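Chains as they are written, first to last, in the numbering used here: chain A, 1 to 322; chain B, 1001 to 1322; chain C, 2001 to 2322; chain D, 3001 to 3322; chain E, 4001 to 4322; chain F, 5001 to 5322.
From the three backbone atoms N, C-alpha and C, an ideal C-beta is built for every residue, glycine too.
This structure is a prediction, so every number in the text was calculated from the model and none was measured.
Here is the structure we will look at.
6 protein chains.
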Amino acid sequence: MTDPRGHPAYSDISTFLHLPWVWKREEIEAAHPDIAIVGAPFDVSVTNRPGARFGPRAIRNAGNLTATSFHHLGLQIEPFKFVSAIDTGDALCVPGSIERSHDAIRAKLRELLEAAPQCVPMVMGGDHSITYPSASVVADHHNRRVGIVHFDAHADAADESWGVFLSHGTPMRRLIENGHVAGKNFVQVGLRGYWPPPAVMDWMAEHGLRTHLMAEVEQRGFDAVLREAIEQALEGVDSVYLSVDVDVMDPAFAPGTGTPEPGGLSARELLRAVRHIVLQIPLAGLDVVEVSPPYDAAGITAEAAHRVLCEAISALAVRKRG
Amino acid sequence: MTDPRGHPAYSDISTFLHLPWVWKREEIEAAHPDIAIVGAPFDVSVTNRPGARFGPRAIRNAGNLTATSFHHLGLQIEPFKFVSAIDTGDALCVPGSIERSHDAIRAKLRELLEAAPQCVPMVMGGDHSITYPSASVVADHHNRRVGIVHFDAHADAADESWGVFLSHGTPMRRLIENGHVAGKNFVQVGLRGYWPPPAVMDWMAEHGLRTHLMAEVEQRGFDAVLREAIEQALEGVDSVYLSVDVDVMDPAFAPGTGTPEPGGLSARELLRAVRHIVLQIPLAGLDVVEVSPPYDAAGITAEAAHRVLCEAISALAVRKRG
Amino acid sequence: MTDPRGHPAYSDISTFLHLPWVWKREEIEAAHPDIAIVGAPFDVSVTNRPGARFGPRAIRNAGNLTATSFHHLGLQIEPFKFVSAIDTGDALCVPGSIERSHDAIRAKLRELLEAAPQCVPMVMGGDHSITYPSASVVADHHNRRVGIVHFDAHADAADESWGVFLSHGTPMRRLIENGHVAGKNFVQVGLRGYWPPPAVMDWMAEHGLRTHLMAEVEQRGFDAVLREAIEQALEGVDSVYLSVDVDVMDPAFAPGTGTPEPGGLSARELLRAVRHIVLQIPLAGLDVVEVSPPYDAAGITAEAAHRVLCEAISALAVRKRG
Amino acid sequence: MTDPRGHPAYSDISTFLHLPWVWKREEIEAAHPDIAIVGAPFDVSVTNRPGARFGPRAIRNAGNLTATSFHHLGLQIEPFKFVSAIDTGDALCVPGSIERSHDAIRAKLRELLEAAPQCVPMVMGGDHSITYPSASVVADHHNRRVGIVHFDAHADAADESWGVFLSHGTPMRRLIENGHVAGKNFVQVGLRGYWPPPAVMDWMAEHGLRTHLMAEVEQRGFDAVLREAIEQALEGVDSVYLSVDVDVMDPAFAPGTGTPEPGGLSARELLRAVRHIVLQIPLAGLDVVEVSPPYDAAGITAEAAHRVLCEAISALAVRKRG
Amino acid sequence: MTDPRGHPAYSDISTFLHLPWVWKREEIEAAHPDIAIVGAPFDVSVTNRPGARFGPRAIRNAGNLTATSFHHLGLQIEPFKFVSAIDTGDALCVPGSIERSHDAIRAKLRELLEAAPQCVPMVMGGDHSITYPSASVVADHHNRRVGIVHFDAHADAADESWGVFLSHGTPMRRLIENGHVAGKNFVQVGLRGYWPPPAVMDWMAEHGLRTHLMAEVEQRGFDAVLREAIEQALEGVDSVYLSVDVDVMDPAFAPGTGTPEPGGLSARELLRAVRHIVLQIPLAGLDVVEVSPPYDAAGITAEAAHRVLCEAISALAVRKRG
Amino acid sequence: MTDPRGHPAYSDISTFLHLPWVWKREEIEAAHPDIAIVGAPFDVSVTNRPGARFGPRAIRNAGNLTATSFHHLGLQIEPFKFVSAIDTGDALCVPGSIERSHDAIRAKLRELLEAAPQCVPMVMGGDHSITYPSASVVADHHNRRVGIVHFDAHADAADESWGVFLSHGTPMRRLIENGHVAGKNFVQVGLRGYWPPPAVMDWMAEHGLRTHLMAEVEQRGFDAVLREAIEQALEGVDSVYLSVDVDVMDPAFAPGTGTPEPGGLSARELLRAVRHIVLQIPLAGLDVVEVSPPYDAAGITAEAAHRVLCEAISALAVRKRG
């Protein structure tokens, strides 16, 4: 029968770019992937509009192409001639429990990195709380010599949110407090709006996080800010984990998200930033989070999140090609 | 300035039917309400599509009338000439925590019933897990001599769901196990589909629950089933708590819900059932749950849930008028 | 070039069933139509959700067929072999003014009936206020020997609504007060909910209106109620004007409307009723109102309104065929 | 790593009920399935609203359960204890070509039935044209001793539609003309509206098709019509192929479809009919078609189509259990 | 019971940022607010897509924060430590009558300014016609020494629209003609498209309005235009009234509006402009209008309108802090 | 009766800007139009999300103005004082057949240009495959001395797509291969993403197409790219055919399209580009394609496409005025 890769993107069982679905340990080992796509279908910790549990499926369904016919026009590369990739399915997040869902994400990523220590995990959220289990496993796998570039409207570095310590408002705090990543190796881009309160901003300053507000982007221009962010991210680490909350984009570009904040980046700015970062800095891992399909009538948010992955994959391939 | 009650339904601050917003204990006492509307904006325990946290606001926004111009055509009564009612706002459910949200619902209802022991609480969910805190407080307030009539596609009597004991699939089990309501005083109407597994159905049978599947409705007709359900509900209790999951209706009538199950009741059947039950059995409390506005494009699910409350209020007024 | 009638329904300039667009007086005279479709794109008088100004276009766009390939399966007739019909475009309703819009509707219908005194106007609303100008012109054209069969969730017979005398809540009052139609020749079917207040119901009773609530439908069955309504409508008049507010249907069948009221008729019941009435009573005119496309995501309300017209046209053709 | 079957329905790679994805011939043989789910993502032949190419994915995503926890309440059976099933992915339908897409469906089903001659294929459309390749392969596999029970608003038996002979308005004509199924073994239920023209109805009568219009359902009741349809379907064949166009349901229950026709069956009626038919007649194959997700805002049409499959599977299991 | 301010933004009775709902004169006096939020739920005068009557509720529901936890990151201020604010509910606009609705807005604002002469009213529309009653009261309150900065795609300075003099296309004409504001103190930014006709543009030029078309923004850049607009607005007045029609933004950023005009500002540009203006010019009052929720599927237009208020409040607080 | 031109835009039978509907040859000749609007309601050749068959009606319904009150603010012209225009309805595209639909488009345009050889056809798609029949007829009409400026995310110059040679991915190849337009007279702007494969890009380079990727726009700025594109388009031809695929815009500005590609132009950029091109280069014809209304919840994509036509018409009028 026909190979699934030969189908139109919308046809057949849906995996990311119709990549092979590989989830058994021995099969992952055999595949020896450079890149592994992982879903984290979870939204229990959101503080506003839920729905991100349906993010991984929406991102897998996005796009009009499959891996076999994929050609990055701007970079003039067919990435899958240079990198191998699998879709390893989802972590077994469970409805109603943050702790067990985070455990499942940790377990999934650890097992993945044991089976394929060389691979770059690319995690599709889910809400932003999943960055805590995800980035901590990746950072530990790289001996904690990993920085984080964090695109977001929100700092997500509160101590707790409504008494919840594993909320989508707290993952960056947990990562730093627990030593997985050093504060000074945290670069944030796109912050705006009216949160978090001053005490959190103070904590962030004390711990050396580099924050680039949209106000700065408006004044200095995005290119200047991006250049500086890349420089900062390179200081004293071997590689970076890139965490992209789609709400860093203006809601015009990402309406399908839980806490939309007007005044953000365009998709053009974000995709270029992802591409440039991965071209210039070794990538340890990546997540793209907070796609909420119930609010994404025309699916454009899932498309943008899908392209974040496509840009990162393509840039990785350029690096690998050399 | 103009009294809020004089506004069109869609104008001014939104309370249920533009009822007065009364939330301080002394003011509740002074109002001496027969009926108190309470919101439980919570959906952390859903196993499928979330969004019910926005249910209370959607139900308050529904309808085209306010309490001052409300006339039940079928019952030929202006209910608010016979019953007094308040909107007491929402319980302080918190994002990300089932336990603390359930505690908040319990606290809200206990304080309400202390301030107004005579009143009938009508709770707008939220997901169905809120029936556990809500009905337990109401049942205990009435010395546990309360039966439950439960309209739902799902039995919601599992022991746990994905390891979560306070899931929206388990409230009925908790109520019975913890002695708030006796199994034999539980009458379920509208069950269908492919859940729960046989072990749960067996547990229900052992504990004497009376279950009326849609298959029975299809064979015997809804009128016969309803008559029997009312008789069963009257056995050996002083009053009933009515719990209406909007998914008891077919998704045509209630698309805006988390676990739609085709093949259900029509709104016509459900509203008539609510009216008849409240006309015939003393009502201790009521909840209407699982309205998920993100899936309710034209708002018709919130309208139907709003009418469940309107029918109950009107029937209560008929009883009070005598 | 190709005749517009030969196009798929969704192609080319949109007229009702791709009927010829005829709006100049002399061309109407020449067409000598049995039926004329007229739009009344107006919603200034709604008391809740507006949008009905877009109703005529949505109804014209509905359906998958055109007049040339139209065959009523149940009645086994190709109506347009027996009746001729035109789409005469819209009355020039203006944004922001009820009075001038009603004047425009009156003018449009008078001119139409002067040019084609034999024709049955079928008016697509617009909100229900348009029944006042529309039915008054039709009734006067027939020497006020016209009854009205009125399908609606709401009696629309209030004296005023928020101080507005030409509201969509008042057209039936105006028609009766101004002598266009006698109260006893008014038959209402489908009333439910919580409006109007007792004083209006009393006025209706005093003026002899026959009202059939949904509560009566639930008790006696729709067939019995429909039979009686048809008998009542035939008493002492030469013909009837049929006014169909789509909200007589349950919101499941008509979500795209301004004041949805759960617990209504199914489309199956309504369409059968329209067919039976027109088969049995001479039709003077018809309107179908309150289609609000912004709330009609899948267009099913416009489809149902379109079928109200199709059923009436088909039944008229059966009568004409004899 | 975790077995995909252990995930919540919305998690992990999406197959129907999380059934194993088995598409290689030798693996199908090894699985020896009683039931095989097949997608036909195709909508090139629709005459109105397209979108059905996304039907298979939407149906796979529907439901809140997986095969491992599936218990039919009404039939009191856990079907997958008695029948084995696989999801074999989609036929390789191609955008823009009817012929090649139909070829792909034929090839997929032939290969399936060669690998698993005992299995019952259950095909998820796609538009209704796919019934021609699908049912012809199934009928031929059973030596053309197969009848068809066809639920639909439309007869789909035209000779051509806009000059297209493989349109979604013609599959039943092709099946009969080409001898795959005899006209007298065709039973149609739910026809209504204004199509096809008399010549097609005449052709159908000449070829002995049994047609049950909604007008008949309204007069005789659905139970009587269903009983008769089952009797007719049993005459002179060994088994039946069941073809369910979701537009047989009223648009209230199936808004997400291409040619909605008001006045149809309820989901309650349809699901009961499917269950009864499969309980009483040997099933050779089945398709459920015309789910168009772009028009299915709350997903309720996909849910209903999913339940058509669930009811058929459950009834098959009852037969197999004996 | 819990203070409403302690709830998540989506919980409890909805007021703007959970500000106290204060509507009785004596309570307003006692509150001595710096800022008062007022709703004007009105859309009778729109010339295209209605729905803005639901704007105030949608704006109140927007955002993920409440006044107690509000921290403007860019301005580094917690505004409610420096300014006090109330939500005073809606003006009693009535369906179907422009005149009486405008009267109600005037009455509401006059009573507010009598009770709190120091406060800055911030009015949530409603369609743009409400600027006439709103700005005239505010200007008169400040002895007509008020300029207007007007962000809009449309000049809204026609003499009449379809014969309606209080249309949403005419408020600026009425304000100038009736002497509330001088033409030369009118600064318009964002005009584009194909309206109004030359005669209106001529009238505007004669009366000295300063108009900045998008064409100018495209040529000179937004920063230059904004600087000039601020300078112009400061000439010869004591303070400004800021009127923001959300359609000044491109429909990408504000799809939920009545007369979308492609080619507009981004949210980033608009919010920055509002912030800069209020930082630099004393603010007498503000309105944000033309949010039409039925067209705002993901709510992003209401979010942007909400942020217009948040930016103005924060900038006011900076000025007050000094 | 009232002239259709005097209606509000949303009222009466819908033609583009309420232009006269003229489709008979002799009437076209008599009208002697400068501009003719033509619809091509066709989407059979799309490779992803269909729906563009409904594009022409959506574009006709867009806008809030009619030809009689149309004033381009930026260009300070009332175009219809200088150019005459008609809406000539749709080509008779048929469901299910690419070939016959393309034939119908060719026939429609040839007949139009025979009746009105001086006119500029402006075609509303439909999917992008319609550019092949449309531009070939226009180019041949101008003796093949026509260049093409092509705004698109995709090069649409593949040899075939899924074996289909008349796909929406191939029209530019067909135009060049068949000699209607020379490759060097092809200027493409806005390409991005991951398609077509290198072989197609190589073919394009061999044939001298000038391609401007978004990557170039990001680096050089849009103004510089646009200037160069205009220069290139002017080389060696008499006039240009402008083909605008709305997906050249970012999905934020054009969500309602079939193959959205994040990272595109803003509406502001596109509309300015169209205006500048038509001001500077003689226009032979134009199409705007790939508006897919089922994905265009708020209609903003249809609005933008409508404005592409409005900008071109206005610029043409400026040229004609001289």
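**OP:** Please decide whether Tyr2295 of chain C counts as near chain E, where near means a Cβ-Cβ distance under 8 Å.
**Re:** Taking the third sequence and counting its residues from 1, one reaches residue 2295 of chain C at position 295. Yes, its Cβ sits closer than 8 Å to a Cβ of chain E.
Subject >> Under 9 Å by beta carbon: chain D residues contacting His32 of chain A >> reply: On the first sequence, residue 32 of chain A is found 32 positions in, with the first residue counted as 1. Simply none; closest approach about 17 Å.
Original post:
What first and last residue would you give for the beta strand (DSSP E) that runs through Ser3239 of chain D?
Top reply: Taking the first residue of the fourth sequence as position 1, residue 3239 of chain D is located at position 239. Taken as a continuous stretch (DSSP letters only), the beta strand (DSSP E) holding Ser3239 of chain D covers Ser3239 to Asp3245.
**OP:** Answer with yes or no whether the minimum CB distance from Ala5252 of chain F to chain A is below 8 Å.
**Re:** Taking the sixth sequence and counting its residues from 1, one reaches residue 5252 of chain F at position 252. At least one chain A Cβ lies under 8 Å of Ala5252 of chain F.
Original post:
Got a sec, what are the start and stop residues for the beta strand (DSSP E) Ala4284 of chain E sits in?
Top reply: Translated into the one-based positions of the fifth sequence, residue 4284 of chain E becomes position 284. Per DSSP, Ala4284 of chain E belongs to the beta strand (DSSP E) from Leu4283 to Val4289.
**OP:** Report the residues of the stretch 2050–2070 of chain C with a CB closer than 7 Å to any CB of chain D, ordered along the chain.
**Re:** Asn2064, Leu2065, Ser2069 and Phe2070
Original post:
Can you find a C-beta in chain C that's less than 8 Å from the C-beta of Pro3196 of chain D?
Top reply: Within the fourth sequence, residue 3196 of chain D is the residue found at index 196, counting from 1. Closer than 8 Å to some Cβ of chain C, the Cβ of Pro3196 of chain D qualifies, so yes.
Original post:
How long is the line joining the alpha carbons of Leu3283 of chain D and Glu1303 of chain B, rounded to whole angstroms?
Top reply: Position 283 of the fourth sequence, counted from the first residue, corresponds to residue 3283 of chain D. Position 303 of the second sequence, counted from the first residue, corresponds to residue 1303 of chain B. So the alpha carbons of these two residues sit roughly 42 Å apart.
Original post:
How is Pro4056 of chain E classed by DSSP in three states: helix, strand or coil?
Top reply: In the fifth sequence, the residue the question calls residue 4056 of chain E occupies position 56. Helix.
Original post:
Taking DSSP as the reference, what is the three-state secondary structure of Ser5134 of chain F?
Top reply: By one-based count along the sixth sequence, residue 5134 of chain F stands at place 134. Correct three-state label for Ser5134 of chain F: helix.
Subject >> Simplified DSSP assignment, three categories, for Leu2191 of chain C >> reply: As a position in the third sequence, residue 2191 of chain C is number 191, starting the count at 1. In the structure shown, Leu2191 of chain C sits in a strand (DSSP, three-state: E or B).
Subject >> Contact check, His4007 of chain E vs Asp1090 of chain B, beta carbons under 8 Å >> reply: Within the fifth sequence, numbered from 1, the residue matching residue 4007 of chain E stands at position 7. Within the second sequence, numbered from 1, the residue matching residue 1090 of chain B stands at position 90. Result yes, Cβ atoms of His4007 of chain E and Asp1090 of chain B sit closer than 8 Å.
**OP:** Establish whether the CB of Trp2203 of chain C and some CB of chain B are separated by less than 8 Å.
**Re:** For this step, residue 2203 of chain C is matched to residue 203 along the third sequence. With 8 Å as the cut-off, Trp2203 of chain C does not count as an interface residue toward chain B.
Subject >> Nonlocal neighbours in the same chain, by C-beta distance under 7 Å from Glu5078 of chain F, ignoring five residues either side >> reply: What you label residue 5078 of chain F is simply residue 78 of the sixth sequence in a count that begins at 1. So the qualifying residues of the chain are Phe5070 and His5071.
**OP:** Count the CB pairs spanning the stretch 5150–5167 of chain F and the stretch 5103–5112 of chain F that are closer than 8 Å, and state whether there are at least three.
**Re:** no
Original post:
the stretch 1293–1319 of chain B: which residues have C-beta closer than 7 Å to a C-beta of chain C, in chain order?
Top reply: Ala1297, Ala1298, Ile1300, Glu1303, Ala1304, Arg1307 and Cys1310
Original post:
What are the boundary residues of the beta strand (DSSP E) that includes Arg409 of chain A?
Top reply: In this structure chain A extends from 1 to 322, so residue 409 of chain A is not present and cannot be described.
**OP:** Output, in chain order, the set of chain C residues within a Cβ distance shorter than 9 Å of Asp4043 of chain E.
**Re:** By one-based count along the fifth sequence, residue 4043 of chain E stands at place 43. Here the neighbours are Pro2050.
Subject >> Beta-carbon neighbours of Glu4218 of chain E, restricted to chain F and to distances below 8 Å >> reply: Taking the first residue of the fifth sequence as 1, we reach residue 4218 of chain E at position 218. The contacting residues are Arg5268 and Arg5272.
Original post:
Which residues, in chain order, does the stretch 5004–5015 of chain F contribute to contact with chain C at a C-beta distance below 7 Å?
Top reply: Pro5004, Gly5006, His5007, Pro5008, Tyr5010, Ser5011, Asp5012, Ile5013, Ser5014 and Thr5015
Original post:
In the DSSP assignment, what residue or residues form a beta bridge with Ser2161 of chain C?
Top reply: The count along the third sequence starts at 1 and reaches residue 2161 of chain C at position 161. According to DSSP, Ser2161 of chain C bridges with C:Val2164.
Subject >> Element boundaries [beta strand (DSSP E), containing Ala36 of chain A] >> reply: Your numbering for residue 36 of chain A matches position 36 in the first sequence. First-last of the beta strand (DSSP E) with Ala36 of chain A: Ile35 to Ala40.
**OP:** Using beta-carbon positions only, say whether Gly5256 of chain F and Val5291 of chain F come within less than 8 Å of one another.
**Re:** Along the sixth sequence, one-based indexing puts residue 5256 of chain F at 256. Along the sixth sequence, one-based indexing puts residue 5291 of chain F at 291. Yes, they are a contact pair.
Original post:
With respect to the beta strand (DSSP E) encompassing Leu5112 of chain F, which residues constitute its N-terminal and C-terminal limits?
Top reply: Here residue 5112 of chain F is taken as the residue at index 112 of the sixth sequence, counted from 1. Taken as a continuous stretch (DSSP letters only), Leu5112 of chain F belongs to no beta strand (DSSP E), being part of the alpha helix (DSSP H) at Ile5098 to Ala5115.
Subject >> Local Cβ density within 10 Å of Glu4261 of chain E, reported as buried at 16 or more and exposed below that >> reply: Here residue 4261 of chain E is taken as the residue at index 261 of the fifth sequence, counted from 1. Per the 10 Å Cβ criterion, buried.
Original post:
Under 9 Å Cβ-Cβ, which residues of chain B neighbour Trp2162 of chain C?
Top reply: Counting from one through the third sequence, the residue named residue 2162 of chain C turns up at place 162. Under the 9 Å cutoff, chain B gives Pro1008.
Original post:
Is Asp3034 of chain D near Ala3085 of chain D, with beta carbons less than 8 Å apart?
Top reply: Here the question's residue 3034 of chain D lines up with position 34 in the fourth sequence. Here the question's residue 3085 of chain D lines up with position 85 in the fourth sequence. Yes, they are a contact pair.
Original post:
Just curious, the beta strand (DSSP E) that Phe151 of chain A is in, first and last residue?
Top reply: What you label residue 151 of chain A is simply residue 151 of the first sequence in a count that begins at 1. Element bounds for Phe151 of chain A: Val146 to Phe151.
Subject >> Straight-line gap, Ala1312 of chain B to Cys1093 of chain B (C-alpha atoms, nearest Å) >> reply: Taking the first residue of the second sequence as position 1, residue 1312 of chain B is located at position 312. Taking the first residue of the second sequence as position 1, residue 1093 of chain B is located at position 93. Approximately 25 Å, taken between the alpha carbons.
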